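Here is the structure we will look at.
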Amino acid sequence: MKNQIIKDQFNKQAELFANWSVSKNLEYLEAYVNFCSIQPGDRVLDVACGPGDLAIFLADKVSKVQGIDISDKEVEIANGLVNKFGLKNIRFDCADVEKLPNDNNSFSVVLCKSAFHHFRNPDVVFKEMKRCCEKSGKISIQDIVA
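Under the numbering used here, think of the first position of the sequence shown as 1391, with each following residue one higher.
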């Protein structure tokens, strides 16, 4: 029930997040990517991707990127941008971040930008992120709340 409430709230705010100027700031995205030491061959999972700004920014910099979000409206917006820009190595899926739909060790980099404070069970989400990340991979959580 609580996850449905969260999903409903983010669906209501999807357009707002899609136009949020902070997520469109290319210098900010570039700084985050540099901080994470993203490499061209990386396979990246963007957890709680919202409208896909980070994942789309990464698409021409990595071999594969997948965004996951609980909001089907956010995923719809992100997939619309994928089609608009003709991107081939990227996909977005609607899923609960507490039960990521990915195989173990399937990504070299797992990111979560500006969303961790929204999770009811951050320890569960972190375990899921760790499960999906290669043993020698990188996990980065960036948030706006200290």
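C-beta atoms are modelled at their ideal positions from N, C-alpha and C, and glycine is treated no differently.
This one's a predicted model, so the numbers in the text were calculated from it and none came from an experiment.
Residue(s) in a DSSP beta bridge with residue i
i: Q1456; result: L1435 and R1481
i: I1534; result: According to DSSP, which records beta bridges pairwise, I1534 is partnered with nothing at all.
i: L1501; result: D1436 and S1530
i: C1522; result: Paired residue(s): none; C1522 is not in a bridge.
Residue i - DSSP class collapsed to helix/strand/coil
i: C1426; result: coil
i: S1411; result: Unreliable positioning characterises S1411 in this predicted model, as indicated by a pLDDT of 46, which lies under 50. A coordinate reading is not provided.
i: F1475; result: helix
i: K1451; result: coil
i: N1469; result: helix
i: L1490; result: coil
i: F1509; result: coil
Supposed close pair residue i, residue j - CB separation, criterion 8 Å
i: C1502; j: V1437; result: 4 Å
i: I1472; j: I1480; result: In the sequence on display, residue 1472 carries Val and not Ile. Going by Cβ atoms, the distance from V1472 to I1480 rounds to 6 Å, so yes, they are a contact pair.
i: L1419; j: L1444; result: 6 Å
Beta-carbon proximity check, residue i vs residue j, cutoff 7 Å
i: E1518; j: L1477; result: no
i: F1509; j: V1500; result: no
i: S1461; j: R1433; result: no
i: N1492; j: C1522; result: yes
i: V1455; j: F1482; result: no
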